[in-house]
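**Q**
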Amino acid sequence: MVYLRARIPHILIGLLVLLVLSPSPVRRNLVTYIEKARTAAASGDPEAALDYIDRALLIDPGLKSLELIAAEAALATDHPERAIPYLNSLSERDQDQEIILCLTAEMRAAMGQYLEAFMLWEQAENLCSERRDFLYNLADHLVDNEKFSMAERVVEHLSSLAHSDPELHFQLAALTALRDPEQALIQLRLLDELSADNQALTAELIKAIEDSRHLNLMQFTLSKVGQVFAKNFEWSFAAQAFRNALDIQPDYSDALSFLGLAIDELGQDGLSWLKQAERADPIQALPHINLAVHWLRNNAPQLALFELEQAAVLDPSNPIIPAQIAQTYEYLGDINIAIELYRAATELAPKDPNLWLLLAQSSSQNNFDVLNIGLPAARNAAALAPDSAAALDTLGYSYYLLGDLEFAGRFLFRALAIDSGFASTHYHLGLYYAAQLDMQSSIVSFEMAVILDPESVVGQLARRTLETLQ
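Residue numbers for the sequence shown follow the numbering used here, so the first one is 5 and each next one is one higher.
(1) Entirely within the stretch 387-460 and at least 4 residues each: give me those alpha helix (DSSP H) ranges in chain order.
(2) Does phenylalanine 152 pass the burial test, meaning 16 or more other C-beta atoms within 10 Å, or should it be called exposed?
(3) How about valine 159 and leucine 182: are their beta carbons less than 8 Å apart?
(4) Put leucine 205 into one of helix, strand or coil per three-state DSSP.
(5) Quick one: what does DSSP say methionine 115 is sitting in, helix, strand or coil?
(6) Just verifying my parser: in three-state terms, what is the DSSP assignment at tyrosine 256?
(7) Whose C-alpha, out of Val374, Leu352, Ser321 and Ala315, is nearest the C-alpha of leucine 290?
(8) For the stretch 200-212 against the stretch 243-252, are there 3 or more C-beta pairs whose distance is under 8 Å?
(9) Put phenylalanine 224 into one of helix, strand or coil per three-state DSSP.
(10) Taking 7 Å as the limit between beta carbons, can you name the residues of its chain near leucine 465, skipping five residues before and five after?
(11) From what residue to what residue does the alpha helix (DSSP H) around isoleucine 377 run?
(12) Kindly list the residues whose CB is nearer than 7 Å to the CB of alanine 284, restricted to its own chain and excluding five residues on each side of it in sequence; keep chain order.
(13) Starting from histidine 173 and walking both ways along the alpha helix (DSSP H), at which residues does that stretch end?
(14) Do you know offhand how far cysteine 132's Cα is from tyrosine 118's?
(15) Quick one: Cα of leucine 396 to Cα of alanine 348, how far?
(16) Going by DSSP, what residue range makes up the alpha helix (DSSP H) through proline 291?
(17) Whose C-alpha, out of Leu278, Leu318 and Gln288, is nearest the C-alpha of alanine 296?
(18) Rounded to the nearest angstrom, what separates aspartate 408 and valine 461 at their Cα positions?
(19) When we look at the beta-carbon of alanine 327 and count the other beta-carbons within 10 Å, is it buried (16 or more) or exposed?
(20) Give me the residue from Ala204, Asp356 and Leu379 with the minimum Cα distance to serine 367.
(21) So is serine 164 buried or exposed if we call it buried at 16+ other beta carbons inside 10 Å?
(22) Take the Cβ of lysine 228 as the centre, count every other Cβ of all protein chains shown within 10 Å, and call the residue buried at 16 or more, exposed below.
(23) If you drop the 5 nearest sequence neighbours on each side, which residues of the same chain put their C-beta closer than 6 Å to that of leucine 470?
(24) Could you tell me the distance, in whole angstroms, from the CA atom of alanine 394 to the CA atom of phenylalanine 262?
(25) Taking the alpha carbon of glutamine 223 as the point to measure from, which residue in Lys235, Asp184 and Leu205 has its own alpha carbon closest?
(26) If we count the other Cβ atoms within 10 Å of its Cβ and call it buried at 16 or more, is histidine 292 buried or exposed?
(27) Count the other C-beta atoms from every protein chain shown that fall within 10 angstroms of the C-beta of glycine 18, then say buried if there are 16 or more, exposed otherwise.
(28) Go through the stretch 294-355 residue by residue and report every complete run of the alpha helix (DSSP H) that reaches 4 residues or more, in order.
(29) So what does DSSP say about isoleucine 267, is it helix, strand or coil?
(30) Does the beta-carbon of alanine 452 have 16 or more other beta-carbons within 10 angstroms, so that it is buried, or is it exposed?
(31) Could you spell out the range, first to last residue, of the alpha helix (DSSP H) harbouring lysine 151?
(32) Quick one: what's got a C-beta closer than 7 Å to glutamate 334's C-beta in the same chain, skipping five residues either side?
(33) Is glycine 116 close to the ligand MG? I mean its beta-carbon at under 7 Å from any heavy atom of the ligand.
In structure tokens form, the structure reads like this:
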């Protein structure tokens with residue numbers, strides 16, 4: 005609410021200039037209250053400012069501009085609904101209807117009524133363009149509530165006001181890609197030249213759209229766009245792209261399957277979509293793979309194994325399938341079978357660093373033959389992906405388990421330099437420092453792991469370790 009804090013004192017000064025010309029005691033009290041309101045607003049205390057404005061209005065209810073200021077002050081408090089009587093009073097007097105409309109839209113947004121706020125903003129057309137904080141917040145909340153077409157309208161308006169803001173242009177391109185990938189492609193290419201931020205996602209979206217153009221099938225392109233968003237954990241964007249693909253072809257198996265996966269990731273139940281995908285194309289492995297992920301997430305490993313076994317028959321050369329079967333056996337506690345299946349996955353795709361990483365992590369996390377399995381697998385992962393914090397972290401942890409603290413520290417610090425926000429590395433550094441009896445550094449590292457990822461297995465391990473140390 006920086007805008008409000010900046011504007012309220014400026015308006016109140018104008019009132020003071022007018023009112024100090026009157027010598028009456030009542031007017032002097034009015035001047036005093038307005039001065040105190042100005043001071044409170046300037047210091048970022050809208051509650052106090054509103055209290056003094058209310059006192060001033062008791063003296064002179066006819067001060068229309070003061071009611072406008074009161075409405076703005078109310079919006080800056082924790083109770084934006086307090087602006088309603090001031091806005092109603094102004095509306096009844098037919099004063100400053102454009103400003104009233106904008107303030108009412110802002111109030112509705114502050115109260116969580118984003119659809120109402122959007123409709124009021126549309127009604128106001130371009131009259132609210134100066135209230136950019138409100139528009140930024142409105143766009144964010146519309147995206148959070150998956151009202152993408154509305155969000156696109158607001159972001160498009162904002163980007164016309166801030167031509168040099170690449171983040172806005174990226175957001176507009178991303179929103180456009182959900183309904184019209186070809187139009188988004190033009191925006192994305194321009195963005196790729198303007199900004200280094202979001203460059204990886206921009207490049208992936210460009211490639212997905214360009215590579216799918218030859219089929220001239222909008223549903224296929226939209227599905228590819230959704231898969232890029234899913235890969236980058238933008239699950240609400242991904243889900244909308246898949247929904248739009250299904251609007252064109254309701255029995256599109258890939259879109260059905262990925263939509264079910266995205267809905268699961270959003271904390272809802274995607275089972276019906278996943279089953280529809282299986283029925284739509286029973287000879288494809290992908291629906292079985294994604295359905296297995298659903299069952300594993302819902303603590304049904306036997307159902308997950310059933311789906312994965314069907315997928316393996318349908319697509320025996322796909323390395324993802326033995327890796328997921330391995331993950332399921334690891335979940336069941338059968339590490340021997342899990343390790344062998346992870347190895348089988350690496351044999352199918354020996355150049356894939358992610359498969360080597362899964363094998364290395366399974367070995368190190370379960371302390372299963374780290375010397376002969378975990379360490380070589382971690383080395384392969386790090387060699388294939390030298391900029392992977394996860395690979396270097398696992399390699400450092402493998403050396404720690406083998407008692408080689410020099411190499412453990414070397415690779416853990418390299419991992420930290422690549423990604424200082426990776427909770428696993430901080431946890432492993434806590435163990436590394438503890439092994440060197442540097443308990444102060446150890447505690448700091450464990451605390452950082454908890455802060456970064458409190459609900460994960462790593463965060464919980466770090467918390468339990470802290471409890472034993474403190």
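Quick reminder that beta carbons are idealized off the backbone N, C-alpha and C, glycines included.
**A** Inspection of the coordinates gives the following:
(1) 393-405, 409-422, 427-439 and 443-456
(2) The count along the sequence shown starts at 1 and reaches residue 152 at position 148. Phenylalanine 152 should be labelled buried.
(3) Along the sequence shown, read from residue 1 onward, the residue named residue 159 stands at position 155. Along the sequence shown, read from residue 1 onward, the residue named residue 182 stands at position 178. Cβ distance not < 8 Å, so valine 159 and leucine 182 don't count as in contact.
(4) Indexing the sequence shown from 1 puts residue 205 at position 201. Note: leucine 205 maps to helix in three-state DSSP.
(5) For the purposes of this step, residue 115 is taken as the residue at position 111 of the sequence shown. Looking at methionine 115 - three-state DSSP - the assignment turns out to be coil, as it is neither helix nor strand.
(6) Locating residue 256 in the sequence shown gives position 252, where the first residue counts as 1. Tyrosine 256 falls in the coil class under three-state DSSP.
(7) As a first step, residue 290 is located in the sequence shown; it is residue number 286 there, counting from the start. Measuring from the Cα of leucine 290, the nearest candidate turns out to be Ala315.
(8) no
(9) For the purposes of this step, residue 224 is taken as the residue at position 220 of the sequence shown. Here phenylalanine 224 sits in helix by DSSP.
(10) Your numbering for residue 465 matches position 461 in the sequence shown. Counting only Cβ-Cβ distances below 7 Å, and skipping sequence neighbours, we find Tyr431.
(11) Stepping through the sequence shown from its first residue, residue 377 is reached at position 373. Counting along the chain, isoleucine 377 falls outside any alpha helix (DSSP H), and DSSP gives it neither H nor E.
(12) Along the sequence shown, read from residue 1 onward, the residue named residue 284 stands at position 280. Counting only Cβ-Cβ distances below 7 Å, and skipping sequence neighbours, we find Asp255, Ser257 and Leu260.
(13) The sequence position of residue 173 within the sequence shown is 169, counting from 1. Its alpha helix (DSSP H) spans residues 170-181.
(14) Stepping through the sequence shown from its first residue, residue 132 is reached at position 128. Stepping through the sequence shown from its first residue, residue 118 is reached at position 114. So the alpha carbons of these two residues sit roughly 15 Å apart.
(15) For the purposes of this step, residue 396 is identified with residue 392 of the sequence shown, where counting begins at 1. For the purposes of this step, residue 348 is identified with residue 344 of the sequence shown, where counting begins at 1. Roughly 23 Å separates the two Cα atoms.
(16) Residue mapping note: residue 291 aligns to position 287 of the sequence shown, counting from 1. Proline 291 -> alpha helix (DSSP H) spans 290-301.
(17) As a first step, residue 296 must be located in the sequence shown, where it is residue number 292. If we check each option's Cα against that of alanine 296, Leu278 comes out closest.
(18) Taking the first residue of the sequence shown as 1, we reach residue 408 at position 404. Taking the first residue of the sequence shown as 1, we reach residue 461 at position 457. So the alpha carbons of these two residues sit roughly 25 Å apart.
(19) Here the question's residue 327 lines up with position 323 in the sequence shown. Buried: at least 16 other Cβ atoms inside 10 Å.
(20) Residue 367 sits at position 363 when you count from the first residue of the sequence shown. Here the closest residue by C-alpha is Leu379.
(21) In the sequence shown, residue 164 corresponds to position 160, counting from 1. It is exposed - the Cβ of serine 164 has fewer than 16 other Cβ atoms within 10 Å.
(22) Locating residue 228 in the sequence shown gives position 224, counting from the first residue. Classification for lysine 228: buried.
(23) As a working note, residue 470 is residue 466 in the sequence shown. Cβ neighbours of leucine 470 beyond the five flanking positions: Phe450.
(24) Counted from its first residue, the sequence shown places residue 394 at position 390. Counted from its first residue, the sequence shown places residue 262 at position 258. Rounded to the nearest angstrom, the two C-alpha atoms are 26 Å apart.
(25) Reading the sequence shown from its first residue, position 219 is the one you call residue 223. For the residues Lys235, Asp184 and Leu205, the minimum Cα distance to glutamine 223 belongs to Asp184.
(26) For this step, residue 292 is matched to residue 288 along the sequence shown. Buried, since its Cβ has 16 or more Cβ neighbours within 10 Å.
(27) Along the sequence shown, one-based indexing puts residue 18 at 14. Summary for glycine 18: the model assigns pLDDT 43, below 50, so the residue's position carries little reliability, and this model does not support an answer.
(28) 305-318, 324-335 and 339-352
(29) Stepping through the sequence shown from its first residue, residue 267 is reached at position 263. In the structure shown, isoleucine 267 sits in a helix (DSSP, three-state: H, G or I).
(30) Position 448 of the sequence shown, counted from the start, is the residue given in the question as residue 452. As written in the sequence, residue 452 is methionine, which differs from the alanine given in the question. So methionine 452 ends up on the buried side.
(31) By one-based count along the sequence shown, residue 151 stands at place 147. Neither: lysine 151 is in no alpha helix (DSSP H) and is coded neither H nor E.
(32) By one-based count along the sequence shown, residue 334 stands at place 330. Only Ala342 and Ser366 meet the Cβ criterion.
(33) This structure lacks the ligand MG; in fact it carries no ligand of any kind.
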